[in-house]
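Here the structure is laid out as structure tokens; the discussion comes afterwards.
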Amino acid sequence: MSIAGAGAKHAFGLKGEVGGNISYVDEQTIVYPCGANTILYNIDQKSQKFIPGSDRSHGMTSMCVSPNRRYIALAEKMTEKATITIYDLHSLRKRKVLSSTDVQSNEIVSMAFSPDSKYLIAQGGRPDWTLVYWTWEKSKVMAVTKTTNPNNNEVTQVTFNPQDNTQICVVGNGIFKLYRYSEGNLKQFAFQKTEPQNYLSQAWVSDERVIVGTDTGKLLLFEAGELRNEFTVTVTQQAKDNKEVGVLGITDGEPAPSQGPPQVTAIISYSKGFACSGGKGTVHLYEKTDDKDTYKKTREIKIPQDALGSDTNRQEAHEIKTLTVSPSEETLVASTTTNQLYCMTLSSAEIGKGDLSSFELLSQAFHYSVISGLDVCQRKPLIATCSLDRTVRIWNYETSSLELYKEFQEEAYSIALHPSGLYILVGFSDKLRLMNLLIDDIRTFKEFTIRGCRECSFSNGGHLFAAVHGNVIQIYSSTTFENVNNLKGHNGKVRSVVWSSDDSKIISCGMDGAVYEWNAFSGKREGESVLKSCSYTSVSSTPDGKSIFAVGSDRTLKEISDSQILRDVDAQEVTLSQVAMSHSGRMLFAGTNTGMLRSLKFPLTSPGEWQEHMGHGASITKMRITHDDQYLITVSEDSVLMIWKISDKEGRGLKRDKESGYAEEILITKSDLEEKNSVMAELKQRVEELKMENEYQLRLKDMNYNEKIKELTEKFIQEMESLKTKNQVLKTEKDKEEARHEEELAELMEKHNKELQDLESANNQKLMIEYEKYQELLSKSQKMQEDYERQLAEMEESKEQALEELTEYYETKLQEKTTLLEQANDESRQQQREYDETKKQIEEDADREILDIKNKYERRLRDEKEANMRLKGETGIMRKKFTSLQKEIEDHKDEIKKLQNEQSKLQGVIKSLEKDIYGLKKEIQERDETIQDKEKRIYDLKKKNQELEKFKFVLDYKIKELKKQIEPRENDIKQMKEQIQEMESELERFHKQNTQLELNITELRQKLKATEKEMKLERQRVHDTEAVCKRFKTDLHNCVAFIQDPKKLKESIKQLYSKHVQDDTVESASVDADIQKEYSRQRKHLEQSVASLRKKLAKDTEIHRADNVRIMQENVSLIKEINDLRRELKIARTQVHDLEAALGINKKNKGQQDDDIHMNGDMTNGTPSSREGKNDENVRIIEMQKGEIRKLRSQLQEAEHFMMQRPPSGSKLPPVLAQ
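Last residue of the sequence shown? That's 1219 in my numbering, and every number before it is there in order.
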């Protein structure tokens, strides 16, 4: 006996009506509500994690994720009051459960976390629309306020300012309010001045600005409650084949007359701007512009046209509920009221061409209406579902994906999947259809005239199927499609039909309270159990067919065997809607009308034992267990399909034979196969053609490249020849320059020697003067040393005396202190003796007291034990009395709780009304004070205005006078400007000359280096020839010695000949080689010199440019100084003007109006003198600037003169090396 385990593996669906029902946890994970759970879905891995809902919840109403993406708040509807549960998204553990008595409503419509994730605001629903401000970590309510207007209109959304924990924005139907938290209250500020509209959504685009969407397609930009700008959301539509197509049913870009403006139901802001919904299935992207009050529409994203099929009426229901952007702002995700999730990469939206884009499905397309039928395949891991949304879907429970999907014109009520996985049987409102599951389509191939078939089922062998036609169960052959049997007996609608494992029996149950067991071959009834008080909804049986389990409207689970009810297990005030038995016969599951899954203890016991698992948010309509007992599949009225991983207590399930595996065959029609083969052949042909084209293109390119190479080689040869000619020209020039440089070098050497002699003589004189000074300083230092030694001796004597006095003084003090210390030691010894005696006495007293206390408490313990025995007897009697009284107390407590709740609600209402009254009174007082201040201000300003009008006439006359005096000064400034410009032009000319001279000098230096090198080589050659001549002379002298002996003379001459003539031939050969070497060396040297000259030229141009820039900077600084002088002149004029005005006012105040003209005359006479002083100063500054310019010019001239006359340095210049 054990209870089977069940854990949620995957869920297909979305709860579309939940507020804020989609949000990012991180870049790969999103969180959304599904049934009674909250799912964390990993987009990359396609895996899910589950956060289960509360036990007694009536469904989730709102959710939100904290800005740090660490916590999630889930608001759930309860019977009495709404609760908010906060979970940690990392550990998936419950952190806090929040509920408040201030909120009368049992639901929360909107929530938001503060920017630092420490606070939470929750907006209650009807009837009171109360906003609660929590410190959620402490479960403390910080403030409460009512946000609705006097008409009690609904509130749609609340948000925090992204930079301020204390600022909140609330929007709703005719409601736009900004609140600020201070001193335990939420105070409204920045009251709305525009006409109220139905505000549906909002988002903060900055720390002060909120963008709000309305039901009329308007986007309103508010800053501190003031309307800054208004945009209108317009929907564009592309018509195809001149027909009415698209999500919004719009033709030729104009809205259809039947539809109103698009509603802005969702807004999300991000760094570049914001995204908002506009119309059914459409999202608009807006980006910031240079003008901070305007946003530019950049893109329009639509849900694909085939997302909800071809019916345009149902396409219009595709309304965007929530938008969210990933943390990296790469992906935009949208959820719809039709339970779908779509995504769009924002980067591709920017790159893509055109203004229109389309969403993609985030995972799979979900059902969006009640799922009415469910079946599981034996040979393949397939699930078949049908729904009132007119779709049939085939799911794969191994890969958790949608395999096939097709929409029909009629609603589908029931579905059965053939054991082979190749056929399905679907009961539509008009007919029962047998269909083929093709590779990419579902096609009908047989129809049966059974209208509104609510239940159908294939036999386990697949050769028969049963279909319910009203009260009759009809059995058909799967091969011949003949009606084999009709099972008649039910008086009400048949709600469930189950085949036994060997297909010999059929078990059925109906709304008439009957459970029948039929023989599948004869069609006769073999067993029955009728209970008219119960309307059965589902039936299941054990693998051996001996026991039947049925559930119905009487809130019990019945075990029936041999037409008798063996056990009746009470479900405890919950109606069981479905029941399923595992194929192993060890696990039993039941589904409830609240969406809970129950895992029952099997065999059944009375009372029953079970475990509950949170799954769906509405009644479970169908349940099936896979044939390997690994998974349980459930569907419900909330459009959710859930896959549960199941196992018995020992963790066992029917292990599937791995060798057999799942069937992999699929159906495909002959026409489709032929079409695909033809397409493949065409594509292959196309690939071959492309290969040929590519080869041809490559050949063409090779030919072009060869031609280009030829042209380049010809050009290169021509350039070589031109360089050779240039080389010869440079050689001739070089020879000329060598001769000239030798002459200049000799002159420079002479000059250098003269300068050296002059410098030596000058330096000798300076050395003599410095030596005399050194002698004087030595004598002075000796005198100073003697003085300091004498002073040191005097100081040492005085120091010794002072030391002796101090030692005597401190010795006396030390003796006094030692005597005092001895006295203190004697006292401390006496006190220690006294302390030891007192300690002994205290210890003895304590021992005596402990013995007395011990005896006393032992006596008391005996008394207590006796009393305890007596009291035990009394407690038995009192316990009986207590149980009777406890029941009475509980009744009274319930009454007290009800009264307290009513009292607290009334007190809350009174407090809120008092706060409102106090706030309004304060506001009236503040406004009265501001009105009084403004009236005073207006009176003062009127007075000042009268006085200023009086001054105006006098000042106009003075201004005219001053203007006359300013004109001549401006003429002087113009002349000075012209002079400065002339000076600047002269400066530029001088700089050009200077740079030209520097270039000449560098050229000459290069030439000098080259000539020095040549001279070295020539000297070496001369040295070599001289050595040869010497050797020849000595040999010849030796020959002359043999002049008397002709034989010896002859031999010696022969030797001389052989020695020197052979050397000559070698020399001539070597000379040729030397010439070639010399030629190559010269060529290399010239090339290097050309390269170095080019580098020098580049450097010089850079230096020249830098000098120009420097001069320009100096000119700019001079112009700045001139501008500053002008500014000072203007300031001086204004000061004069102010002084004149001040003088005029003083005179007026004194009442001497008759002397105004005379005083004005004095002022006009006085001002020029001050202005003249200022102008004199300006002229002086200009003169100083001119002097500076002259000085710079003279320095430039001297530098140029020096460069022209300066002799070159005597040191050898370094050789030109290849860089």
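Glycine included, each C-beta is placed from N, C-alpha and C at the ideal position.
Per DSSP, what are the beta-bridge partners of residue i in this structure?
i, result
"S335", "T322 and L341"
"R299", "L285"
"D570", "T556"
"H613", "L597"
"R1126", "BP columns for R1126 are empty, so no partner."
"N1258", "Look at the range of the chain in this structure, 1 to 1219, and you will see that residue 1258 is not part of it."
"W204", "V210"
Inspect the beta-carbon positions of residue i and residue j and report whether they are closer than 8 angstroms.
i, j, result
"F589", "L632", "yes"
"I84", "A122", "yes"
"K378", "K905", "For clarity, residue 378 is Gln in the given sequence; the question names Lys instead. Their beta carbons are not under 8 angstroms apart, which means Q378 does not touch K905 by this criterion."
"L667", "L438", "yes"
"N333", "L362", "Checking the displayed sequence, the identity of residue 333 turns out to be Val instead of Asn. Yes, the pair counts as a contact, with Cβ atoms nearer than the cut-off."
"V212", "V171", "yes"
"V530", "S508", "no"
"W134", "Y119", "yes"
"R567", "E573", "no"
"S117", "N161", "no"
"T385", "E407", "no"
"H490", "T479", "no"
"I168", "W136", "no"
"D629", "S582", "yes"
"S201", "A266", "yes"
How far does the alpha helix (DSSP H) with residue i in it reach, from first residue to last?
i, result
"K9", "First-last for K9: G5 to F12, but that is the beta strand (DSSP E), not the alpha helix (DSSP H)."
"N151", "Element bounds for N151: n/a, residue is neither H nor E."
"I889", "K670 to V1040"
Tell me which same chain residues have a C-beta within less than 8 angstroms of the C-beta of residue i, skipping the five on either side of it?
i, result
"R1127", "none"
"E230", "K218, L219, L220 and L221"
"K731", "Q1082 and L1086"
State the start and end residues of the unbroken beta strand (DSSP E) segment that holds residue i.
i, result
"I72", "Y71 to E76"
"G470", "No beta strand (DSSP E) holds G470; DSSP gives it neither H nor E."
"I480", "In the sequence under discussion, the amino acid at residue 480 is Thr, which differs from the Ile named in the question. No beta strand (DSSP E) holds T480; DSSP gives it neither H nor E."
"G19", "Counting along the chain, G19 falls outside any beta strand (DSSP E), and DSSP gives it neither H nor E."
"M587", "Run containing M587: none; DSSP gives neither H nor E here."
"R56", "Here R56 belongs to no beta strand (DSSP E), and DSSP marks it neither H nor E."
"S358", "L356 to S358"
"R624", "I620 to I625"
"M511", "Here M511 belongs to no beta strand (DSSP E), and DSSP marks it neither H nor E."
To which residues of the same chain is residue i closer than 7 angstroms at the C-beta, ignoring the five residues directly before and after it?
i, result
"C34", "A11, G13, L14, K15 and V640"
"K546", "S561"
"W1266", "The structure shown has nothing for residue 1266, since the chain only spans 1 to 1219."
Report the rounded CA-to-CA distance for residue i versus residue j, giving the unit in angstroms.
i, j, result
"D44", "Q28", "6 angstroms"
"A6", "G873", "50 angstroms"
"L814", "Y835", "32 angstroms"
"L576", "I917", "53 angstroms"
"W204", "E403", "41 angstroms"
"L1139", "L955", "11 angstroms"
"G246", "E319", "Only weak support is given to the placement of G246: the predicted model assigns it a pLDDT of 32, under 50, and the value that follows is read from those uncertain coordinates. Rounded to whole angstroms, G246 to E319 spans 14 angstroms at the Cα level."
"Q831", "E800", "47 angstroms"
"L388", "G595", "19 angstroms"
"Q1044", "H752", "59 angstroms"
"Q718", "E750", "49 angstroms"
"D207", "F222", "11 angstroms"
"I1181", "Q981", "17 angstroms"
"S553", "R93", "36 angstroms"
"G260", "S57", "37 angstroms"
Can you name, in chain order, every residue of its own chain whose Cβ lies under 6 angstroms from the Cβ of residue i, other than the five neighbours on each side?
i, result
"L1125", "N1178"
Shorter than 8 angstroms from the beta carbon of residue i to some beta carbon of chain D?
i, result
"E27", "Chain labels in this structure do not include chain D; a single protein chain is all it has."
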